[in-house]
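Peer 1: A single structure is presented below for examination.
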Amino acid sequence: MNLSELIKNRHSVRSFDPKKVDDSLVEKILESARLSPSAKNTQPWKFFIAQSTDAKDKVMKAMAKRNQWAKDAGVIFVILADMNHAYKKENKNYLIDIGLCLENMLLTAEDIGLGACACTGFENDILDKELELPQNLKSVVVVPVGYKKEEPEKHEKNSLQDIVWKKS
Ligand SMILES: Cc1cc2nc3c(=O)[nH]c(=O)nc-3n(C[C@H](O)[C@H](O)[C@H](O)COP(=O)(O)O)c2cc1C
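Numbering (the numbering used here), first residue to last: 3 to 170.
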């Protein structure tokens with residue numbers, strides 16, 4: 003699939019066949035994250051990768067009730083901000099960096115036949131504690147990834163006309 007088709011076809015997946023995701027696929031997603039752009043190439047990210055039931059349970063303890071579907075994902079990534087590497091001049095940059103990393107992961111998941119969804123509906127403090135993170139690492143977004151159980155809902159997007167701002 004070329005890039006524009008991938009972008010068109012990617013939709014958030016919240017219903018998984020609880021099948022193991024092979025390590026080689028987990029690595030492909032991680033590699034796409036590793037290559038992401040970042041302000042001043044600071045690469046202010048680390049990843050917790052939950053594949054075992056025990057590790058997934060830790061993540062699920064922090065997840066909001068509405069995100070309990072994530073338990074069936076074959077693998078759950080947690081993108082962590084590494085504040086020791088965050089670009090200090092502009093506070094917002096590290097979150098933009100992580101957003102770029104997230105999109106690479108979502109598109110790669112789609113490209114290799116998997117489904118994924120970004121999730122910020124979780125308790126950061128609980129998750130940071132469950133994962134026993136050191137002070138410099140903070141959980142930002144959880145990304146459950148797995149085999150799609152059903153085709154996801156296709157959300158309406160605003161038109162090109164709607165998204166261009168012009169001073170009236
Ligand atoms: C930063 C961010 C946080 C999100 N958090 C959640 C979440 O906690 N739970 C959830 O089910 N979906 C979450 N989503 C997925 C959005 O609801 C979804 O991207 C949006 O409805 C558009 O649908 P699409 O991804 O299929 O295009 C999140 C998406 C983003 C970008």
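By construction, the Cβ of each residue, glycine as well, lies at the ideal position given by its N, Cα and C atoms. Quantities reported herein were computed from a predicted structural model and do not represent experimental measurements.
With a threshold of 6 Å on Cβ separation, who are the neighbours of Leu-133 within its own chain once the five nearest residues in sequence on each side are excluded?
Peer 2: Phe-50
Peer 1: Between the alpha carbons of Tyr-96 and Ser-40, how many angstroms are there, rounded?
Peer 2: If I take the Cα positions, the gap works out to 8 Å.
Peer 1: What residues are listed by DSSP as bridge partners for Met-65?
Peer 2: According to DSSP, Met-65 bridges with Phe-124.
Peer 1: Along the chain, which unbroken stretches of the beta strand (DSSP E) at least 3 residues long are found entirely within the segment 92–170?
Peer 2: Within the segment 92–170, the complete beta strand (DSSP E) runs of at least 3 residues are 139–150.
Peer 1: Indicate the three-state DSSP secondary structure (helix, strand or coil) for Val-15 in the structure shown.
Peer 2: coil
Peer 1: Run the CB neighbour count on Arg-16, radius 10 Å, all protein chains shown included, and call it buried at 16 or more, exposed below.
Peer 2: buried
Peer 1: Please classify Met-65: is it buried, with 16 or more other beta-carbons within 10 angstroms of its beta-carbon, or exposed?
Peer 2: The residue is buried, with at least 16 neighbouring Cβ atoms inside 10 Å.
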